[in-house]
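In my numbering, the protein residues as written are 33 to 136.
For every residue, glycine included, the Cβ atom is placed at its ideal position computed from N, Cα and C.
No experiment lies behind these values; they were computed from the predicted model shown.
For reference, the structure is listed below as structure tokens.
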């Protein structure tokens with residue numbers, strides 16, 4: 033994704049600290065450009081943050097990758113692009129295909 037010029041963010045409902053999440057991904061060789069955890073989500077979105085589990089557009093995220101079909105429904109309701117992946121998916125290929133198609 034980085035080779036395609038994408039920034040990589042982690043947007044999670046977890047209360048784990050951004051530093052913990054950065055270190056976890058770095059241990060796999062993945063540098064994150066930004067981490068948004070539940071604390072950041074709630075602080076930035078205020079009351080609106082209580083109504084939606086994720087709102088990527090509030091953090092300048094163009095494409096949100098998730099494993100929850102509920103997030104896809106929120107994407108339709110709040111107008112943000114999602115790719116839903118499952119355990120059986122070739123998720124990296126699915127995400128890259130979506131990115132390449134959106135760049136056309």
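Count the other CB atoms within 10 Å of the CB of residue 143; is the residue buried (16 or more) or exposed (fewer)?
Any answer about residue 143 is impossible in this case: the structure gives the chain only from 33 up to 136.
Alpha carbon to alpha carbon, what distance is there between residue 64 and residue 40?
For the purposes of this step, residue 40 is taken as the residue at position 8 of the chain shown. For the purposes of this step, residue 64 is taken as the residue at position 32 of the chain shown. So the two alpha carbons sit approximately 5 Å from each other.
Which one of 35, 73 and 102 has the shortest CA to CA distance from residue 42?
Within the chain shown, numbered from 1, the residue matching residue 42 stands at position 10. The residue with the shortest Cα to Cα distance from residue 42 is 73.
In whole angstroms, give me the CA-to-CA distance for residue 103 and residue 62.
Taking the first residue of the chain shown as 1, we reach residue 103 at position 71. Taking the first residue of the chain shown as 1, we reach residue 62 at position 30. One C-alpha to the other measures close to 24 Å.
With distances taken from CA atoms, which of 46, 87, 94 and 82 is nearest residue 134?
In the chain shown, the residue the question calls residue 134 occupies position 102. Per the Cα distances, 94.
Pull up the distance between the alpha-carbon of residue 124 and that of residue 35, whole angstroms please.
Taking the first residue of the chain shown as 1, we reach residue 124 at position 92. Taking the first residue of the chain shown as 1, we reach residue 35 at position 3. Approximately 13 Å, taken between the alpha carbons.
Need the endpoints of the beta strand (DSSP E) that residue 41 sits in, please.
Counting from one through the chain shown, the residue named residue 41 turns up at place 9. Element bounds for residue 41: 41 to 43.
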